[in-house]
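The sequence shown runs 6 to 355 under my numbering. Backbone N, C-alpha and C define an ideal beta-carbon position, used for all residues, glycine too. Computed from a predicted model, the values in this text were never measured in an experiment. Here the structure is laid out as structure tokens; the discussion comes afterwards.
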Amino acid sequence: MLLADWQLKGPLLALWPARADVWREQGVPAQRQLLELLLTVQPFHPVVLGVTPRELTRARASVPAAVPLFPISYNDAWPRDIGPLWCQPAFQQSPVAQGFGFNAWGGLYQDHQHDRQFARGLARQLGIGYQADKLVLEGGAVSHDGQGTLIVHSRSVMRNNPGLRKTQIEHKLKQLLGVQQIHWLNWAHPDDETGGHVDNQMLFADEDSLVCACPPKESAFYDAYLKETDAVRQLRNSRGQCYRIIELPQPEPLWLPAERFITVRRQAGVRRRGDQAILPSYVNFIRLPRAILVPQFGLDTDSEALATMRQAFPQLQVSGVAASEFIMAGGGPHCMTLNLPQSPLLPASA
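As structure tokens, then:
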């Protein structure tokens, strides 16, 4: 069965952001923010930072010795979407990495050959068995409760697999991931550049709890969010119980000054930064076995989101992590990281 994030005991993986046509100032502000995130995590959970071979020397000069480096090839720093899903086969001690196809979120950039091979390469370096399927699926498009219920975003998944019907995709996911129940999200915010990811709308935080985005009633999108949340209120888990719904504030999309993106290199075939609103989401949190990291955007609603999660999960270490640089490139902390299973082949300091 597919493992949920909190069931994975290995390090939290992040990738060094450096694409000059995606990240401003060649990724330097995002690199600083990512290191802050990893150093926040490190006291209570191991971390590891993946770096492309061409960036390794520069990264070594910037990264504290306490953060172990992990050489691996990729095109952009979104391990959640390009990495595998981790499954635990019945009667088998070791997990298996389940890989899928990748098309750069419907073609946001053309050079994604290393991203397509990332899941296979990661599994090989971890010494974990790998199996692949041609279905195009990003990790941010799904969320699992660890007990057999999977939430899948239909907008991006159906767009990325035009030759398949929803029933065919559902059958394939049940077969590959060992889940028993699939709930589909059908609406995506127009400013979600992935085309529709669950980690911008709702995520499982444990086997009983589902965290959902909730905009203010005056928002033009309030009814759309409410419809999706009301649908999951009727959802039952494997024990026949309803999920506890935790609602986090959903900020309005942000329009940032064009000069913020002036250092992003314009390149044909790559989504232009600064031309559209960006979508912050507190639901894009990181869930670790003993902790939750909640995105912080420098907005008035930051403290409310953090307080809500602390109240909902008093048994966990709940911390805020700055995420303003991540959303300028189209993602958040959940997108920027990937929970790993344990592996003896990871750097010793991790």
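Unbroken beta strand (DSSP E) run spanning residue 52, endpoints: Taking the first residue of the sequence shown as 1, we reach residue 52 at position 47. Element bounds for residue 52: 52-56.
Collapsed DSSP secondary structure at residue 347 in the structure displayed: As a first step, residue 347 must be located in the sequence shown, where it is residue number 342. In this structure, residue 347 counts as coil in the three-state DSSP scheme.
Alpha carbon of residue 207 to alpha carbon of residue 218, nearest angstrom: Numbered from its first residue, the sequence shown carries residue 207 at position 202. Numbered from its first residue, the sequence shown carries residue 218 at position 213. Each residue's alpha carbon lies about 6 Å from the other.
Residue range of the alpha helix (DSSP H) that includes residue 232: Reading the sequence shown from its first residue, position 227 is the one you call residue 232. 227-238 is the extent of the alpha helix (DSSP H) around residue 232.
Neighbourhood of residue 227 by C-beta distance below 6 Å, restricted to the same chain and skipping five residues each side: Position 222 of the sequence shown, counting from 1, holds the residue named residue 227. Within the same chain, residue 227 has close Cβ partners 220.
Whole-Å CB distance - residue 328 paired with residue 301, under 8 Å assumed: Indexing the sequence shown from 1 puts residue 328 at position 323. Indexing the sequence shown from 1 puts residue 301 at position 296. At roughly 6 Å, the Cβ-Cβ gap stays under 8 Å, so residue 328 and residue 301 are in contact.
Residue 211: first and last residue of the uninterrupted beta strand (DSSP E) it sits in: Position 206 of the sequence shown, counted from the first residue, corresponds to residue 211. Segment 207-211, the beta strand (DSSP E) holding residue 211.
Span of the beta strand (DSSP E), counted from its first residue to its last, around residue 76: Locating residue 76 in the sequence shown gives position 71, where the first residue counts as 1. Per DSSP, residue 76 belongs to the beta strand (DSSP E) from 74-76.
Closer than 8 Å: residue 204 CB and nearest the ligand MG heavy atom: Although the ligand MG was asked about, the structure shown includes no ligands whatsoever.
Beta-carbon separation (whole angstroms), residue 55 vs residue 144, contact threshold 8 Å: Along the sequence shown, one-based indexing puts residue 55 at 50. Along the sequence shown, one-based indexing puts residue 144 at 139. With a Cβ gap of about 15 Å, residue 55 and residue 144 do not count as contacting.
CB contact flag (residue 73, residue 46, <9 Å): Looking up residue 73 in the sequence shown gives position 68. Looking up residue 46 in the sequence shown gives position 41. No, these two residues do not count as a Cβ contact at 9 Å.
Cβ separation of residue 229 and residue 192, assumed to be a contact under 8 Å, to the nearest whole Å: In the sequence shown, the residue the question calls residue 229 occupies position 224. In the sequence shown, the residue the question calls residue 192 occupies position 187. Yes, they are in contact, since the Cβ atoms of residue 229 and residue 192 sit about 5 Å apart, within 8 Å.
Sequence-distant residues of the same chain with beta carbon closer than 6 Å to residue 175, five excluded per side: If you number the sequence shown from 1, residue 175 lands on position 170. Taken in chain order, the residues that qualify are 187.
Beta bridge counterpart(s) of residue 134 as assigned by DSSP: Residue 134 sits at position 129 when you count from the first residue of the sequence shown. 101, per the DSSP bridge assignment.
Residue 325, DSSP secondary structure in three states: By one-based count along the sequence shown, residue 325 stands at place 320. Correct three-state label for residue 325: strand.
Cross-strand partners of residue 301 (DSSP beta bridge): For this step, residue 301 is matched to residue 296 along the sequence shown. 327.
Helix, strand or coil at residue 139 according to DSSP, with G and I counted as helix: Locating residue 139 in the sequence shown gives position 134, counting from the first residue. Strand.
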